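Counting from 1, one number per residue, gives the positions in the sequence shown under UniProt numbering. All C-beta atoms, glycine included, are put in the ideal place defined by N, C-alpha and C. Here the structure is a predicted model, which is why all the values come from computation and not from measurement.
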Amino acid sequence: MSFAYAGGLLATGLADVTSDLEALDSRGWWAVVVTYEGKVTCARFETVRPAPHPGGAWAGPAGEWTSSLDEAAYVAGVERIRGAIADGLVYQANLCRVLSAELPGGADIAGLGARLAERHPAPYAMTLRVPGLEVASASPELYLRRDGRVVESRPIKGTGRTADDLLPKDRAENVMIVDLVRNDLGRIAETGSVSVPELCALEEHPGLVHLVSAVRARLAGGGWPELIAATFPPGSVTGAPKSSALRLLEVLEPVPRGPYCGAIGWVDADSRRGALAVGIRTFWAEDGLLRFGTGAGITWGSDPHREWRETELKAARLLEVASGDGAGQDLAERGTARP
């Protein structure tokens, strides 16, 4: 059965699926997924009500996880980005890798979503199952929240186990991405309406701490298509300048990111409200595989091996929840390697 679950609301009764973002300004309640590569899925549901997360059978992947970039390739990619920074091509870029493992028969994405809701709660979590798309996200990061004409984004940059792990590089990176988000929103905002009510606030999440900022604006016009066109992909998972970072990452990353680093969330077209998360801490089922993405923001001050360890840290707890056997405790010992 198709369903969406977000913010304590269960949506059922699938009525429409479209790739047209203009539908989000029409009527009804929509679940939304936009992949990093720009593939849009908007699913309208007839019934939306408060409910517990639906359950389902779940058995974690039996074999080891493989990574689209192994440690050597990831470290080399970090050095390539540092070289591009030295050459003045970019200031920062977010290098990502995708982990994959075989999904056993009978596994239900609702079961994984329920496990995440119980063991790794997140403010922008969402589980979605519609024909051709199954996603379970525990995202802590707000890409876009809209209430009428007021829009807010809350980019995350800076991650550690504790606040003591955060470095001056993390704050500098956060400020850099805040500037990028301000510029993106400025393209469609009323003149003078873009503000930064929070800068580098410390937020605690299960097993991690993050530096989080808030950027707010008032739309001058347009709707969801124009808003997403001006700001997508999210700046926190691309880099600055965004166009140069995107070109560089296309060369360095060997597989598509899919829903990871895209947009995942809901839109209530009737009330002109919605919240789309950045698709991090996100699992998706595809071609008999369970996939999960992880990455790190690279600056001139990055230590390549430390950045690799940050990708491990971000993945570990989530893979443990998905597998139930402690597999996320040390990914290196599990032999994650490039296929």
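Residue i versus residue j: straight-line alpha-carbon distance, rounded
| i | j | result |
| --- | --- | --- |
| Val17 | Arg44 | 6 Å |
| Arg216 | Val178 | 11 Å |
| Asp170 | Leu185 | 23 Å |
| Glu64 | Pro197 | 43 Å |
| Ser213 | Val130 | 33 Å |
| Gln329 | Leu319 | Residue confidence is low: Gln329 scores 41 on pLDDT, short of 50, so the model does not pin down where it sits. Its coordinate-derived value is still stated next. Computed Cα separation, rounded: 8 Å. |
| Ala332 | Glu312 | Note that Ala332 scores a pLDDT of 41, beneath 50, so its modelled location is shaky; the value from the coordinates is reported in the next line. Whole-angstrom Cα-Cα distance: 8 Å. |
| Ala327 | Val321 | Because Ala327 carries a pLDDT of 42, less than 50, the predicted location of this residue cannot be relied on, and the following value inherits that uncertainty. If I take the Cα positions, the gap works out to 9 Å. |
| Ala73 | Trp58 | 32 Å |
| Glu203 | Ile81 | 28 Å |
| Glu310 | Ala93 | 15 Å |
| Val181 | Ile188 | 12 Å |
| Glu134 | Leu289 | 11 Å |
| His305 | Ser243 | 26 Å |
| Ile298 | Val194 | 27 Å |
| Asn183 | Ala172 | 17 Å |
| Ala86 | Gly192 | 34 Å |
| Glu118 | Gly132 | 26 Å |
| Leu69 | Ala11 | 37 Å |
| Thr282 | Lys39 | 16 Å |
| Met176 | Tyr260 | 22 Å |
| His120 | Gly221 | 37 Å |
Minimum C-alpha distance to residue i - residue among the options
| i | options | result |
| --- | --- | --- |
| Ala107 | Leu276, Ala136, Glu37 and Glu250 | Ala136 |
| Leu103 | Phe292, Asp303 and Ala315 | Phe292 |
| Lys314 | Ala322, Val321, Glu71 and Gly295 | Gly295 |
| Trp300 | Pro61, Ala269 and Pro168 | Pro168 |
| Ser323 | Leu95, Thr12, Leu21 and Ala62 | Ala62 |
| Asn174 | Cys96, Asp70 and Ser153 | Ser153 |
| Gly60 | Leu21, Ser100 and Val194 | Ser100 |
| Leu227 | Asp287, His305 and Glu190 | Glu190 |
| Ala275 | Ala15, Thr12 and Trp30 | Trp30 |
| Asp287 | Gly258, Glu307 and Gly262 | Gly258 |
| Ala15 | Leu21, Ala6 and Ser2 | Ser2 |
| Ala240 | Ala220, Lys157 and Thr162 | Lys157 |
| Ala163 | Ile264, Asp87, Ile85 and Ala201 | Ala201 |
| Glu22 | Glu307, Ser193 and Pro225 | Pro225 |
| Gly7 | Leu69, Glu71, Asp70 and Ala114 | Ala114 |
| Trp308 | Lys39, Gly221, Ala11 and Glu71 | Glu71 |
Short Cβ contact (9 Å threshold) for residue i with residue j
| i | j | result |
| --- | --- | --- |
| Pro256 | Val98 | yes |
| Ile280 | Pro155 | no |
| Asp147 | Arg317 | no |
| Asp112 | Thr127 | Asp is not the amino acid found at residue 112; the sequence shown has Leu there. Closer than 9 Å, so yes. |
| Leu9 | Pro50 | yes |
| Arg110 | Gly55 | The amino acid at residue 110 is misidentified as Arg; the sequence shows Ala. Against a cut-off of 9 Å, the Cβ pair of Gly55 and Ala110 comes out as a contact. |
| Ala4 | Trp284 | no |
| His205 | Ala122 | yes |
| Ala269 | Gly105 | no |
| Cys96 | Glu253 | yes |
| Gly13 | Thr66 | no |
| Gly223 | Leu24 | yes |
| Ile264 | Tyr124 | yes |
| Val150 | Leu199 | no |
Residue i: CB within 8 Å of a non-hydrogen atom of the ligand SAH
| i | result |
| --- | --- |
| Arg146 | As for the ligand SAH, it is missing from this structure, which has no ligand bound. |
Assumed close pair residue i, residue j - CB separation to whole angstroms, cut-off 8 Å
| i | j | result |
| --- | --- | --- |
| Leu89 | Ala277 | Actually they are not in contact, since the Cβ atoms of Leu89 and Ala277 sit about 29 Å apart, beyond 8 Å. |
| Ser236 | Val78 | So it is not a contact: roughly 18 Å between Cβ atoms. |
| Trp166 | Leu211 | According to the sequence displayed, residue 166 carries Leu and not Trp. Right, the Cβ-Cβ distance comes to about 7 Å (below 8 Å), so this counts as a contact. |
| Thr41 | Ser19 | 7 Å |
| Leu208 | Thr159 | 6 Å |
| Leu248 | Ala84 | 6 Å |
Check whether the stretch 32 to 40 touches the stretch 219 to 233, taking contact to mean three or more Cβ pairs, one atom from each stretch, closer than 8 Å. Put simply, the stretch 32 to 40 touches the stretch 219 to 233. At least three CB pairs are less than 8 Å apart.
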